[in-house]
Structure formats: structure tokens, C-alpha cells
Amino acid sequence: MPPKFKPGGKRFPPKVTPKSYPPQIFPEDPAPSNSSSGLDEESENKFELELCWCIQQLELGIHSGKLKEKQLRDTQKNLNLLKSSSVALVQKRQLMRSTFGDYRAKMVEEEKKLGRSVAKVKFSAAKAAENKSVFLRKSHCSDQEPSTSSISQNGAQVNGSGPSLSSLFSKKTDSQPFTFNFQNSET
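Next comes the structure, spelled out in C-alpha cells:
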């Protein structure tokens, strides 16, 4: 059974009402160089870079398919926490440290590897694309002129017998208008 309250007793001090203080005056404009996270612009950019690197590493781990089910759930949970805007900056840094260890050193190491691979890249002059292909349309040859000549890649005839290319692809104007060759059952 709890002890009973005795006014002025030793167990319970008397309640003191708080005094009201005059309202404080805050400056109208916050410091323009500080952002919502409380960091200066350079530090915030560095943090964003570190955060993006950690998010990228987590996504690579998820897409690799090598994680077990529990590891996959933990990785997705960490990824959601890092992407969330409501999670505090300190908590994100703790999460990054616990997940990746010394992530800043790993970032520098990866940058060095990429720098070496970029140094090995050599650009060569683009070769002029040679147009060696010729498009030939199939045409219906008449029985009067059998076309037995073969045509080489650049369009010249191999043997002189037969019609020329310009005559094969010329537009023929017939006295009959063009009609489809199917029967209409309604008429």
C-alpha cells in the first residue's frame, strides 16, 4: 500500500507553481547558410554523397540475389530508413556506420579503383560508316524478259544480258487503275 500524502511531510515536497517568464524575442531571419539539418552547405553536400553511396550499396546488395531472407529484410529496412526524410541525421549516420563500418574509407577506396579504371579507358576515332548494303525490292518480272543476271553489292550488273536496274525499278503507268483482287460478297 502506498504511503499517504502528508502536507509539509518529508516524503512529498510541496508543489511549486512555475513562474511565468517574459516571452523571448527570436530573430526574424534564420541564418541563410545553415540548412534544416543544421550543417553548413559543404558538410551537407558531403553527407548527401555519403548517403547516396550507402543507398547505392544497399540496392546493389538487394539486386545481387545473394542475400538470405533475413538479411534481405534487414537490408530493405535499412534502405527505407536511409531514404526516409523523417529519420534524424544522427540516426542515419549511426545506421550507415553499423551497416558498412568505415564507409568513408570504403568510398575513398572505391573512388581510387574507379579512377584507375577510368585512366585505362582510351578513346578511338569513330570510323566512317561505309554504306555497303543495297536495298533491292522484289518485283514481278514479266515472262517476256527473263532476268537471269545477278547484281553485285554496289548495284552494277555482272553480265550484260537482261534489263538494267533503272528499267527494273522504273514506275510503269498502266491504262488500268489499281484494284484489289478479292471478291466483295455484298454486291
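Numbered by the numbering used here, the letters in the sequence shown go through residues 12 to 198 in order. Positions of the beta carbon are idealized from the N, C-alpha and C atoms, including for glycine.
Using a Cβ-based criterion (distance less than 7 Å to any ligand heavy atom), does residue i qualify as near the ligand ZN?
i: residue 51; result: You won't find the ligand ZN in this model; it holds no ligand whatsoever.
If you reduce the DSSP assignment to three classes, tell me which class residue i lands in.
i: residue 32; result: coil
i: residue 116; result: helix
i: residue 151; result: coil
i: residue 76; result: coil
i: residue 189; result: coil
i: residue 130; result: helix
i: residue 141; result: coil
i: residue 105; result: helix
i: residue 68; result: helix
i: residue 85; result: helix
i: residue 52; result: helix
i: residue 91; result: helix
i: residue 97; result: coil
i: residue 26; result: coil
Assign residue i to buried or exposed, taking buried as 16 or more other Cβ atoms, counted over all protein chains shown, within 10 Å of its Cβ.
i: residue 63; result: exposed
i: residue 103; result: buried
i: residue 89; result: buried
i: residue 190; result: exposed
Excluding the 5 residues flanking residue i on each side, which residues of the same chain have their C-beta closer than 8 Å to its C-beta?
i: residue 196; result: none
i: residue 93; result: 62, 65, 66, 69, 103, 106 and 107
Within the same chain, show all residues whose beta-carbon is closer than 6 Å to that of residue i, passing over the 5 residues directly before and after it, in chain order.
i: residue 52; result: none
Write down the C-beta distance between residue i and residue j rounded to the nearest angstrom, noting that I regard them as a contact closer than 8 Å.
i: residue 60; j: residue 73; result: That pair is no contact at about 21 Å.
Below 7 Å CB to CB, which residues in the same chain sit around residue i once its five sequence neighbours on both sides are set aside?
i: residue 86; result: 69, 72, 73 and 78
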